[in-house]
Amino acid sequence: MDKSNRLTAEEWDTRYKEKNIPWHREETDSPLREYLHSYLPPQQKILEIGPGLGVEAAYMAEKFCHHVTAIDISPQAIQDAIKKQGQTPLLDFKVLDFLHKEKNYLDEKAPFDAIFDRTCFHTFNSHQSRLNFAKRASQLLKDDGLWISYSGNSDSVIEYQYPQDFPLPPMLSFQEIFSSVQQYFFLLEAKRCPFIIKRGNLEKEFLAFATVWKKKKKKVPDVYPQ
Ligand SMILES: C[S@@+](CC[C@H](N)C(=O)[O-])C[C@H]1O[C@@H](n2cnc3c(N)ncnc32)[C@H](O)[C@@H]1O
307 MDKSNRLTAE EWDTRYKEKN IPWHREETDS PLREYLHSYL PPQQKILEIG
357 PGLGVEAAYM AEKFCHHVTA IDISPQAIQD AIKKQGQTPL LDFKVLDFLH
407 KEKNYLDEKA PFDAIFDRTC FHTFNSHQSR LNFAKRASQL LKDDGLWISY
457 SGNSDSVIEY QYPQDFPLPP MLSFQEIFSS VQQYFFLLEA KRCPFIIKRG
507 NLEKEFLAFA TVWKKKKKKV PDVYPQ
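In terms of our numbering, the sequence shown opens at residue 307 and continues consecutively.
Written out as structure tokens, the structure reads:
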């Protein structure tokens, strides 16, 4: 049972209702643009997890004609995303908890060619919840399917100084990311890149890891059988 203290659906919803969304950007981060360009041919079937206001979902649909299913746990985020980006044949926004226990809409739509998340995975703040996330991502992908992800990088706290009243975004070490994902995915590429957070008029640069993973067809056997 996952006991991590993640925000509840209601708490995410309140953040969107109060427009307290410092992670939001009006443009897709350039490392993600590069990955989308170099790893995915056009017209792929993509699942975006936690799209917020749908900037990246719309970018993928418009720029590459991908069919994007974008699910968010917050009804307010999805309402705002539809208002901002539209609900089109290429862009399907839906309210759903990615780790919802029963079979659902995503099982009907699977397998996906690729999964995308910008700073959703990093909000899963226990090893077990990240394992569950990676496992579910792997289940929904076709064989050799890709997962492109962007997570706060905890090297930030060592490298940068922040004002006391500037709350830090969620951050993971590479070890924390790798240890929960590698059971289900091979790492294809990882980049250390900027992660801009905006609070009021104040903008701060943190660090992120932009990563690309390929689904493993089978769980890797233990090297030394017990
Ligand atoms: C840090 S925000 C990032 C939003 C968007 N990707 C962006 O970059 O602006 C994390 C998003 O994940 C959503 N989220 C959190 N847990 C989720 C879950 N279990 N299933 C689906 N969405 C979830 C939140 O509602 C929120 O919109």
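All C-beta atoms in this analysis are idealised placements derived from N, C-alpha and C, irrespective of residue type, glycine included. Bear in mind that the values here come from a model prediction, so they are computed numbers and not experimental data.
Item to check | Where arginine 436 sits in the DSSP three-state scheme | outcome: As a working note, residue 436 is residue 130 in the sequence shown. Reduced to three states, the DSSP call for arginine 436 is helix.
Next on the checklist: Please tell me whether, using a cut-off of 6 Å, the distance from the CB of serine 485 to the nearest non-hydrogen atom of ligand 1 is below it.
Outcome noted: Your numbering for residue 485 matches position 179 in the sequence shown. It does not: the Cβ of serine 485 is nowhere closer than 6 Å to a heavy atom of ligand 1.
Checklist entry - Which same chain residues, not among the five before or five after histidine 373, have their C-beta less than 6 Å away from its C-beta? => result As a first step, residue 373 must be located in the sequence shown, where it is residue number 67. Contacts found: Lys351, Leu396.
Checklist entry - How long is the line joining the alpha carbons of serine 462 and cysteine 499, rounded to whole angstroms? => result To locate residue 462, count along the sequence shown from 1; it is residue 156. To locate residue 499, count along the sequence shown from 1; it is residue 193. The alpha-carbon of serine 462 is positioned some 10 Å away from that of cysteine 499.
Next on the checklist: For proline 347, count the other beta carbons within 10 Å of its own beta carbon; 16 or more makes it buried, fewer makes it exposed. Which is it?
Outcome noted: Numbered from 1 along the sequence shown, position 41 holds the residue referred to as residue 347. Exposed: under 16 other Cβ atoms inside 10 Å.
Next on the checklist: According to DSSP, proline 500 sits in a beta bridge with which residue or residues?
Outcome noted: Residue mapping note: residue 500 aligns to position 194 of the sequence shown, counting from 1. DSSP output for proline 500 lists Leu513 as bridge partner(s).
Checklist entry - By a C-beta neighbour count over all protein chains shown, 10 Å radius and 16 as the cutoff for buried, is histidine 428 buried or exposed? => result Along the sequence shown, one-based indexing puts residue 428 at 122. It counts as buried.
Checklist entry - Beta-carbon separation of phenylalanine 418 and leucine 437 under 7 Å? => result By one-based count along the sequence shown, residue 418 stands at place 112. By one-based count along the sequence shown, residue 437 stands at place 131. Result no, Cβ atoms of phenylalanine 418 and leucine 437 do not sit closer than 7 Å.
Checklist entry - In chain order, what residues of the same chain lie with their CB nearer than 7 Å to the CB of valine 487, ignoring the 5 residues before and after it? => result Within the sequence shown, numbered from 1, the residue matching residue 487 stands at position 181. Closer than 7 Å at the Cβ level, and outside the excluded window around valine 487, lie Ala440, Trp519.
Checklist entry - Does the beta carbon of serine 440 fall short of 6 Å from some heavy atom of ligand 1? => result In the sequence shown, residue 440 corresponds to position 134, counting from 1. A small correction: the amino acid at residue 440 is alanine; serine does not occupy that position in the sequence shown. False, no ligand heavy atom lies under 6 Å from that Cβ.
Checklist entry - Among all residues, which have a Cβ less than 5 Å from at least one non-hydrogen atom of ligand 1, and in what chain order do they fall? => result Contact residues of ligand 1 (beta-carbon closer than 5 Å to any heavy atom; chain order) are Trp318, Trp329, His330, Gly356, Gly358, Asp378, Ile379, Ser380, Ala383, Asp403, Phe404, Arg424, Thr425, Cys426.
Next on the checklist: Among the candidates Trp329, Tyr322, Glu482, Asp449, whose CA atom is the shortest distance from the CA of proline 473?
Outcome noted: The count along the sequence shown starts at 1 and reaches residue 473 at position 167. Comparing Cα-Cα distances from proline 473 to each of Trp329, Tyr322, Glu482, Asp449, the minimum goes to Trp329.
Checklist entry - With a Cβ-Cβ cutoff of 7 Å, do arginine 312 and asparagine 431 count as a contact? => result Translated into positions along the sequence shown, residue 312 becomes position 6. Translated into positions along the sequence shown, residue 431 becomes position 125. Yes.
Checklist entry - Counting pairs of Cβ atoms below 8 Å between the segment 392-409 and the segment 474-483, do you hit three or more? => result no
Next on the checklist: Taking the beta strand (DSSP E) that histidine 373 belongs to, which residues open and close that run?
Outcome noted: One-based indexing of the sequence shown puts residue 373 at position 67. Residues 373-378.
Item to check | Backbone secondary structure at tryptophan 259 - three-state DSSP | outcome: Outside the shown range of the chain (307 to 532) lies residue 259, about which nothing can therefore be said.
Checklist entry - Should proline 469 be labelled buried (16 or more other beta-carbon atoms within 10 Å of its own) or exposed? => result Taking the first residue of the sequence shown as position 1, residue 469 is located at position 163. So proline 469 ends up on the exposed side.
Checklist entry - Span of the beta strand (DSSP E) holding tyrosine 456? => result Sequence index remark: in the sequence shown, residue 456 carries index 150 (1-based). 447-458 is the extent of the beta strand (DSSP E) around tyrosine 456.
Checklist entry - From tyrosine 365 to aspartate 471, what does the alpha carbon distance come to, in whole angstroms? => result Here the question's residue 365 lines up with position 59 in the sequence shown. Here the question's residue 471 lines up with position 165 in the sequence shown. Cα-Cα distance, rounded: 33 Å.
Next on the checklist: Would you say the beta carbon of glutamine 382 is closer than 6 Å to some non-hydrogen atom of ligand 2?
Outcome noted: Among the ligands modelled here, namely ligand 1, ligand 2 does not occur.
Next on the checklist: Just to check my reading of the structure: serine 444 and lysine 521 have Cβ atoms closer than 8 Å, yes? What is that Cβ distance to the nearest angstrom?
Outcome noted: As a first step, residue 444 is located in the sequence shown; it is residue number 138 there, counting from the start. As a first step, residue 521 is located in the sequence shown; it is residue number 215 there, counting from the start. That belief holds up - the Cβ atoms of serine 444 and lysine 521 are roughly 5 Å apart, short of 8 Å.
Checklist entry - Of all the options Cys371, Gly356, Glu368, which has the alpha carbon lying nearest to the alpha carbon of isoleucine 377? => result For the purposes of this step, residue 377 is taken as residue 71 along the sequence shown, with counting starting at 1. The option with the nearest alpha carbon to isoleucine 377 is Gly356.
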